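Notes follow once the structure below has been shown.
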Amino acid sequence: MSKKTQPRNTVTALTGRPNAQVLIVGGGINGIATFRDLALQGVDVALVERGDYASGASAASSHMIHGGIRYLENGEFRLVRESVQERNGLIRIAPHYVKPLQTTMPVFSTFSGIMNAPLRMLTHKQRSTKERGAMLIKIGMTIYDSFSRDGGSVPKHVFRTKKAALEDMPALNRDLKYTGTYYDASVHEPERLALDVLKDGLTAGTGTGSDATARATNYVEAAGSRDGGVLLRDRETGEEFVFTADVVVNASGPWTDLTNEAFGGETKYMGGTKGSHIVVDNPELLEATKGRELFFENNDGRIVLIYPLKGRVLIGTTDIDADPSEPAVCTEEEVDYFFGLVKHVFPQIELNRDHIVYRYSGIRPLPRHEDTAPGFVSRDYRIVDTPIAGLPETTVLSLVGGKWTTFRALAAHLSTDITTKLGVSRKVDTTGMPIGGGKDFPTTDGQRALWIKSHRDGLASETVDRLLDRYGTRAAEVVDALVTGPVEPLESDATITRGEVRYFAEHEQAVHLIDVVLRRTNLAFVGGVTIDLLDELADVLADTLGWTTEERADEIQRTLDVLRESHGVIVPLTSASQLA
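Numbering of the sequence shown is given in this note's numbering, commencing with residue 67 and proceeding in unit increments.
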């Protein structure tokens, strides 16, 4: 019998005891972080996610952990201050995934935008597409630096005139007048960081199975309300059950209104905008960036970025009003827009569609904004007490807004509100608490060599080094899993072992092949997917998860379809061995 027809252990943990103090609906980074915070307080908490963890809005980020220098123009000083503090904090508590990133902003005028900026701040309307000049950007960077003083997590900004700027980055457009260079931070593996946060929450709970005080499962959706509780549906088996909680947190991101509607309530909180990105393999462009993010204003007034990552270059992003009930995809018009912005900064570099290895798009969980221009919609968050007719005895809290950078602070805020409503005292402050594999992460070459030597357990040093990069100090758990069986690298990608693929299924709730390709690894992001690779991955997962031959074939086909339809990736169906 196929294991797909049987409930997963994570689901039976919920059906075995279908109640908790808190139920979180939504397994994006903010829902997961709130789950972790509540579990640390000793609260009995459960979380359900209708797809895979961090597969919705959280999967469509620009891979940035940033203070949001452009939010200063919106007058969002509280958000910028909090964001900078959280950025600096994440560099310390999640150093395995969050790292400082030098960022350069090319500037093409001196005084432009001075008159329009105050009006933009007051009205949140786009007063003009005329670009912001050096004077305005210098003021912004100075204010930004003032928020960053916490012991020097990142250096102060540097402003360069044209001659020095072109000596610094020779490939830049020679029409520029200045550059401003400052530091923000990047998150190299956002989906893996989300998994780390989730695992922290699961570890913080007590008990096992249905007795656990921290339970979470993916591929279970909140389908409605029934008998005063939330109707949950296992999307793998179709099984439905009612789950009750004192507090229900709607952390559905851009789908918050749709979730409330399913519960039996009507809200109009959300007004998300679509943001798309492309990933290109272009060595000339990669070299031109000098390892830095280029963050600048395009000639339409939109702030955009060019960011070297994993040997590729990430280009984004757009900001277009979107309907959350429709799939978000990166359009050809957006691709043309990205090519135009690269040409604006690096006019000599040729970029075409053959260079694109991956594209993605998502909807930001922004508040409803009526006639406010998309770029000026607040990136701040709020928590709304939401009366729901279908859940009359339950406190429902809707999370509106939120972004990657502030997930820890947001979770602490939301968790505090929840514990207050429950009459529970907070036990733990997560400020400064290491996340997952960031705990005791070696930050010097000597520390790294010592960690690898002491955790090899018979594996090659090069293998443990790769594992440390991929998992932080949680690599020790992966090593333990690997040494229980043969450590064989995949033939189609020697940087990943068959044991790791088993680990994704057995310890990280990977349910489908696409979970591994998109989120447990960055194989698709860098353009590394081949039919040979999919065959190998499917073989391991089929053996681990008990797929039938037909299910294995369906998983490969589904992965090919998702890559093509959502990410513009067409995988040739001829294997390398056949070509040889």
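We put the beta carbon where it would ideally sit given N, CA and C, even for glycine.
Quick caveat, the model's predicted, so the values are computed rather than measured.
Handout entry: Sequence-distant residues of its chain with Cβ nearer than 8 angstroms to Asp402 (five each side left out)
Key = Short of 8 angstroms from the beta carbon of Asp402, and not among the five residues preceding or following it, lies no beta carbon of its own chain.
Exercise for the section: State the Cα-Cα distance for the pair Leu188 and Asp446, rounded to the nearest angstrom. Expected result: Interpretation of Leu188 is limited by its pLDDT of 38, a score under 50 that renders its predicted location unreliable; no figure is taken from the coordinates.
Problem - Three-state secondary structure assigned by DSSP to Ala394 - result: coil
Problem - Segment limits, beta strand (DSSP E) that includes Ile381 - result: Counting along the chain, the unbroken beta strand (DSSP E) around Ile381 starts and ends at 378-382.
Problem - Same chain, Cβ closer than 6 angstroms to Pro638, neighbours up to 5 away in sequence not counted - result: Apart from the 5 residues on each side of it in sequence, Pro638 has no Cβ closer than 6 angstroms to any other Cβ in its chain.
Exercise for the section: Would you mind reading off the limits of the alpha helix (DSSP H) that contains Phe570? Expected result: 564-573
Practice task
Specify whether the segment 373-381 and the segment 339-356 touch according to this definition: at least 3 beta carbon pairs, one from each stretch, less than 8 angstroms apart.
Solution key: Counting Cβ pairs under 8 angstroms, three or more are found: they touch.
Handout entry: Ala282, DSSP secondary structure in three states
Key = strand
Practice task
Just the C-alpha distance for Val173 and Glu302, rounded to the nearest angstrom, thanks.
Solution key: 52 angstroms
Problem - Sufficient close CB pairs (3 or more, under 8 angstroms) joining the segment 114-133 to the segment 406-417 - result: no
Problem - Continuous alpha helix (DSSP H) stretch holding Lys469: start and end - result: Per DSSP, Lys469 belongs to no alpha helix (DSSP H) and is neither H nor E.
Handout entry: Rounded C-alpha distance that separates Val21 from Thr227
Key = Residue 21 is absent from the structure shown; the chain starts at 67 and stops at 646.
Problem - CB of Ile562 within 9 angstroms of CB of Val315, strictly - result: no
Problem - beta strand (DSSP E) segment containing Met171, residue limits - result: 164-173
Problem - His633: first and last residue of the uninterrupted alpha helix (DSSP H) it sits in - result: 615-633
Practice task
Given a cut-off of 9 angstroms, decide if Arg358 and Thr170 are closer than it, judged by their beta-carbon atoms.
Solution key: In this structure, Arg358 lies closer than 9 angstroms to Thr170 by Cβ.
Practice task
Taking only the alpha-carbon atoms, compute the straight-line gap between Tyr373 and Ile131 and give it to the nearest angstrom.
Solution key: Our two residues, Tyr373 and Ile131, have alpha carbons roughly 13 angstroms apart in a direct line.
Practice task
Determine the burial state of Gln87: buried for a count of at least 16 other Cβ atoms within 10 Å of its Cβ, exposed for fewer.
Solution key: buried
Practice task
Compute the distance between the beta-carbons of Leu525 and Val553, then report whether it is under 9 angstroms.
Solution key: yes
Handout entry: Limits of the beta strand (DSSP E) - the one that Arg226 falls within
Key = 224-227
Exercise for the section: Decide if the segment 70-80 is in contact with the segment 273-290; the criterion is three or more beta carbon pairs, one per stretch, under 8 angstroms apart. Expected result: yes
Problem - Under the three-state DSSP convention, the category Thr496 falls into - result: coil
Practice task
Would you check if the distance between the CB atom of Ala270 and the CB atom of Asn96 is smaller than 9 angstroms?
Solution key: no
Problem - Anticipated Cβ contact below 8 angstroms, Tyr210 with Ile135, distance rounded - result: 5 angstroms
Problem - Boundaries (first-last residue) of the alpha helix (DSSP H) holding Asn154 - result: Boundaries of the alpha helix (DSSP H) harbouring Asn154: 143-159, taken from the DSSP string.
Practice task
Rank Asp601, Asp250, Asp609 by C-alpha distance to the C-alpha of Thr640 and give the top, closest one.
Solution key: Asp601
Practice task
Could you tell me whether the Cβ atoms of Gly295 and Thr460 are closer together than 9 angstroms?
Solution key: yes
Exercise for the section: State the DSSP-derived secondary structure class of Asp250, mapped to helix, strand or coil. Expected result: strand
Practice task
Please classify Asp506: is it buried, with 16 or more other beta-carbons within 10 angstroms of its beta-carbon, or exposed?
Solution key: Under this definition Asp506 is an exposed residue.
Practice task
Measure the CB-CB distance between Ile449 and Val263 and report whether it falls below 9 angstroms.
Solution key: No, the pair does not count as a contact, with Cβ atoms beyond the cut-off.
Practice task
Specify, as a first and last residue, the run of the beta strand (DSSP E) that Pro374 falls within.
Solution key: 369-375
Exercise for the section: Could you check which residue in Arg147, Asp598, Asp110, Gly456 has the C-alpha nearest to that of Gly275? Expected result: Asp110
Practice task
Taking Leu607 as part of the alpha helix (DSSP H), name the residues at either end of that continuous run.
Solution key: 597-611
Practice task
Would you kindly work out how many angstroms separate the C-alpha atoms of Thr496 and Leu259, rounded to a whole number?
Solution key: 16 angstroms
Practice task
Please report how far the alpha carbon of Glu631 lies from the alpha carbon of Gln623, in whole angstroms.
Solution key: 12 angstroms
Problem - Straight-line gap, Ile157 to Pro166 (C-alpha atoms, nearest Å) - result: 7 angstroms
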